[in-house]
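Just add 1 to wherever you are in the sequence shown, counting from 1, and you've got the working numbering.
The block underneath contains the structure these notes are about, expressed in structure tokens.
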Amino acid sequence: MSFLRPSPPRAMPPVRPRTVRSPSPRRSGVLPTLLSLALLATPGALEARAWIAPADTTTASPPPPSTDVVVMSVYPHGDHLHARSLKRVTNRDGYDNQPSFLDEDRLLFSSAGEGGATDILRYSTWDEVTDAVTRTPESEYSPRLMPAGDAVSVVRVEMNGVSQHLVRYPLDGGPAERLLPELDDIGYYAWVDERRVALFRLGDPPSLHIADITTGEVEEVVQGIGPVLQSVPGETAVSFVRPDDQGDGWVIHLWDGTTGETQELSRTPGPEPDHVWLSSATLLAIHDGVVYRQVAEAPDGWHPVLEDLRDVFGQITRLAVSPSGTRWAVVVDHGAGLENGTGLEDGPGGDGSRDPEALTPLRLTLLHTNDEHSQLLPFPLADHDPDGGGSAVGGFARLASAVEAVRDETRAREHPVILVSAGDFLGGTPFAWLGLLGMAPELEVMAELGYDAVTLGNHEFDWGPELLARYLTQAGYPNAQGAVGGREDEALPALVASNLSMPQGHSLARSGVHRTTLIELDNGLRVGILGLLGRNAASLAPLMTPVALEAPETAARRAVDELRGDGAHLIIALSHSGEPEDLALAAAVEGIDLVVGGHFHTPLAAPLREGDTWIVQAGSSLRYLGRVELLVHPGRDEGRVEVVNAEEGVPFLTPLDSSIPASDAVAERIRLFGDSLNAFLARYTDGVAQDFRDPALFAHRTLGRGPVLSETALGNFVADAMRAAAGEATGEAVDFAFQANGVLRSDLVPAVGDRNRGAVTVLDLATVSGLGAGPDGTPGYPIISARLTGEEIHRILEISTLVPQLRGNSHFLQVSGLRYEVDPSRAILFTLPVRGTPIPSFRAVRRAWQVHPDGTETEIPRDHTLFHVATDHHVASFLPQVGELAPRLRIELKDAHGRPIVHLDDAVIRRDGREVKVWEALLRYAATLPVVDGHPTLPEAYHGPEGRIVERAGLPVVPLTSLALLLAAVGVTGTAVMRRRRR
């Protein structure tokens, strides 16, 4: 729920605040008059501290006070918040003030230099480096990241000391720009959206104006406001303050940028006007060194949530929060407390009563999943009986019941439970498509289940970082993340990604992704969590740019040090990397107690161990719930963490089969998402698919994705469907079709139970190849149509043989319309020593034939004859890249006239203006299959490989090369001998 009236619809779950009461604020009686605000011309003099009325209006403004900026991590601790890892960003006799966050790791602040001018500095909490954003003879104040994310806005006091302008400074160091050059009386501001800004304009009295930076239009909203303006996160709204009726306090008001209306919200808890938004539903304010919180459902009550800071600094002013709300910055008087940046190690109240050292050993039950891949429902769906029974496995409703059963079991023993995911929660079934349609079913359901933390896998980047950021916003990030904002139920899990770097200003950097998180449990145990994306996983995320990958080992060491500094007793790495990289990580980085792995879909029935680090993984698609019973000894250096599953008879994996009942509440939420999916399917396919539960075809056996690096029956089926769909949509015969193994995401598994024996539902068939999105942003990779020469067809087959040997099975191509003989052992001529660079032979494919509809074959010539081919957009973008590395494998997509296709999007096949998708091709092709017993049924031709790709060994390339070199040497020697004889 938001403070805005009426509350707009949001993807985030509703806030459930505790009952709070307003404190009795101190009445200072020294609140300034509005006239004094107008006379204090520079923003630096308008700090929310002790307010004084000017005795003589002709006297120059006093110099700004000596203040320091302090940054900290903030974590929930019962009903309160807990500050840790406090660090002085500045520590000098001078003005350092007005902090604001660029993202989770970087903040801006105003700093007065020795020459008297105030500049904007930027500080990184990650590497503790400070650099300058501005270095000018003028003075800049009130730095804020602009909504577009590419620049910082400031109030600049010009050299005359009177004029104050709103100025834009690009983050890349470009020239400054006055945004509203006609206005020279701007004291404070807050952004409404990319176009509009709210202004505190100096005057008698000061007034609130809304200005459009694109048109220059300015509109007055109200007069008599105080010196605080704040943007409401996730909304087109700003808050401001006005004096209360008694004149000794402030009332917070809201201006709604959608309606243009203002509304009164609440008095501040004390005489200070400063406040800040933790989310659109949560306000924070400072009074007498204490941070108070108020939530939307209790707009008349403030509750003290952070009192630790008063014990360290006395008074604090100027609170700023990061996008996720877990990192804060405050302003303190220079010299007040905290000499060396040490954290607060005890719980709220500082009495150490919850100190884990006195409570050792401590118990924890860790529940974990990974690679959920949008598997909201059990698989195969046709074997799922909602009333119980059936052989289908998985599904979030079963997971919910299994998790709740563990919580019930451990609650009696007062064992805390945390639930985490190692990433790839997206990128599987068509439920993932709803993320492109304004929803976020996976994270919303995970919030309902009470996940505490998740990391990002490669499939979270299937749509690119921009669409991932939009998906996270749809889920409610960053505002609804964790319990810092006062949420008790359905708080979204913390998003941790320790080795991913987002460019400053990128939308993903503002989506609540942070480096680490610390969970403080009721028994006093502090669990630090970091998140890693592995090298192999990152290599399978071609759309991840401009997000950069840092070496996992480097990022992990830094994260471990940070979490230990925050007081973590147990450190868990959520690693989407696969077991080989997890083992290497554990060997290289000290201090990681447990790795929750993912990416390779391995169900580890027993943990792996490397040194003191345990490694677990729970398969994929919610087939299992992983469970680790931990005994933690915070005071020990050796044997600090024990895994006690064996002693307690608790399995590491629990199958999520029909023996586990489904949660009715979660099942109902999934049903609503299913209704949305059905509406999309019916609309996009023109009614070919009406309900994802309906059978799309019947089959007598499973079509698997294996074996690797070879022809498969499933690959044949998909490639044939693509060739048929391309031919039908273009009205032209298509000679060949190619599809990569990597985009075949699921086996085609028919039901085995009597209830629906042989059925394959629309959902499960579309899941086979439903990844990605098209250029138009709709779900699924589209099919493209292009021409290639006979020579290029041979090159594609060489690529399909060579690249998978170097990069894995996902790059192997399934084919339709052709047959070829290949010797994979001939793909690589030899590998260069030292560097290990493979040298291709370009001679692995021996012969290739076109297979005509009547079954006859003709050899594909290695010349410039054009052939009509179909593949998907993803594969078409990859194939030409190989030629950049190996020019002899160069491929150039061409149109029907043989002209190069410059823009790949132009090759996308469309029907009635809509992209023809691979998943759609499967559904339409299934409808054309032979009808048996009234159902379209998979013919026997697809029961196994057809011999389209035939491995046939020949004389190895290296011996041939050696023989050629030997013959050449013999020839040279023979010639020399003959010459000698002639002499």
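We put the CB at the ideal spot given by N, CA and C, even for glycine.
Contacting residues, own chain, Cβ-Cβ under 6 Å from residue i (five flanking each side not counted)
i	result
residue 434	780
residue 136	120
residue 50	Here the model assigns residue 50 a pLDDT of 30, short of 50, so the residue's position is not dependable, and the following value carries that caveat. Only 318 meet the Cβ criterion.
residue 1007	Here the chain covers residues 2 to 984 and nothing more, so residue 1007 does not appear.
residue 338	313 and 314
residue 29	With a pLDDT of only 32 at residue 29, under 50, the local geometry of the prediction cannot be trusted, and the value read off the model is given with reservation. Contacts found: 272.
residue 510	104 and 503
residue 411	366 and 418
Chain-order list of residues whose beta-carbon lies under 7 Å from that of residue i (same chain, five-residue window excluded)
i	result
residue 980	Interpretation of residue 980 is limited by its pLDDT of 43, a score under 50 that renders its predicted location unreliable; the figure taken from the coordinates is listed afterwards. For residue 980, where only same-chain residues beyond five positions count, there are no Cβ hits under 7 Å.
residue 558	590
residue 670	446 and 449
residue 767	431, 920, 923 and 924
residue 467	508
residue 897	788
residue 472	436 and 441
residue 114	120
Where residue i sits in the DSSP three-state scheme
i	result
residue 459	helix
residue 806	helix
residue 609	strand
residue 734	coil
residue 154	strand
residue 387	coil
residue 991	The displayed coordinates of the chain run from 2 to 984. Any statement about residue 991 would go beyond what the structure contains.
residue 800	helix
residue 702	coil
residue 634	coil
residue 142	strand
residue 777	coil
residue 892	coil
residue 782	coil
residue 312	helix
residue 358	Its pLDDT being 46, under 50, residue 358 is placed unreliably in this model, and the coordinates cannot settle the point.
residue 487	At residue 487, the pLDDT of 36 sits below 50, so the modelled position is not reliable and the matter cannot be decided from this model.
residue 250	coil
residue 573	strand
Option in the options with minimal Cα separation from residue i
i	options	result
residue 769	783, 761, 749 and 760	749
residue 149	242, 172 and 437	172
residue 362	525, 714 and 720	525
residue 316	602, 234 and 292	292
residue 521	83, 66, 68 and 69	83
residue 943	192, 817 and 549	817
residue 232	282, 938 and 664	282
residue 162	223, 475, 117 and 634	117
residue 267	239, 289, 303 and 562	303
residue 130	649, 889 and 91	91
residue 568	71, 76 and 72	76
residue 211	217, 204 and 198	198
residue 463	934, 807, 775 and 101	775
residue 636	570, 894 and 288	570
residue 555	516, 606 and 205	516
residue 539	530, 527, 531 and 552	552
Close Cβ partners of residue i (< 8 Å) along its chain, the five nearest in sequence each way excluded
i	result
residue 820	849, 850, 852, 858, 948, 949, 950 and 951
residue 1	Outside the displayed range of the chain (2 to 984) lies residue 1, so it cannot be described from this structure.
residue 723	738, 740, 784, 817, 871, 872, 873, 919 and 922
is_contact[residue i, chain C] using C-beta, thresh 9 Å
i	result
residue 420	Given the protein chain composition of this structure (a single chain), no chain C is represented.
*Which parts of the segment 392-448 are runs of the alpha helix (DSSP H), unbroken and 4 residues or longer, counting only runs that do not cross its ends?*
397-412
*Between the segment 398-407 and the segment 453-469, do three or more beta carbon pairs fall short of 8 Å?*
Taking a cut-off of 8 Å for Cβ pairs, the segment 398-407 and the segment 453-469 do not touch, as fewer than three such pairs fall below it.
_Continuous beta strand (DSSP E) assignments of at least 3 residues falling wholly in the segment 816-874_ = Under the rule that a run must span 3 or more residues, the beta strand (DSSP E) segments found entirely inside the segment 816-874 read 819-823, 829-832, 839-841, 846-852, 858-860 and 867-873.
*Do the segment 154-169 and the segment 182-198 meet, that is, are 3 or more Cβ pairs less than 8 Å apart?*
yes
*Looking at C-beta atoms only, is the number of pairs between the segment 778-794 and the segment 854-871 that lie closer than 8 Å three or more?*
yes
*Pair every Cβ in the segment 533-541 with every Cβ in the segment 581-588, then say whether three or more of these pairs are closer than 8 Å.*
yes
*Mind listing, in chain order, the continuous beta strand (DSSP E) runs of no fewer than 3 residues lying wholly within the segment 256-310?*
263-268, 276-280, 283-288, 291-296 and 304-307
*Which runs of the beta strand (DSSP E) fall wholly inside the segment 188-227 and span at least 3 residues, in chain order?*
197-202, 208-213 and 219-224
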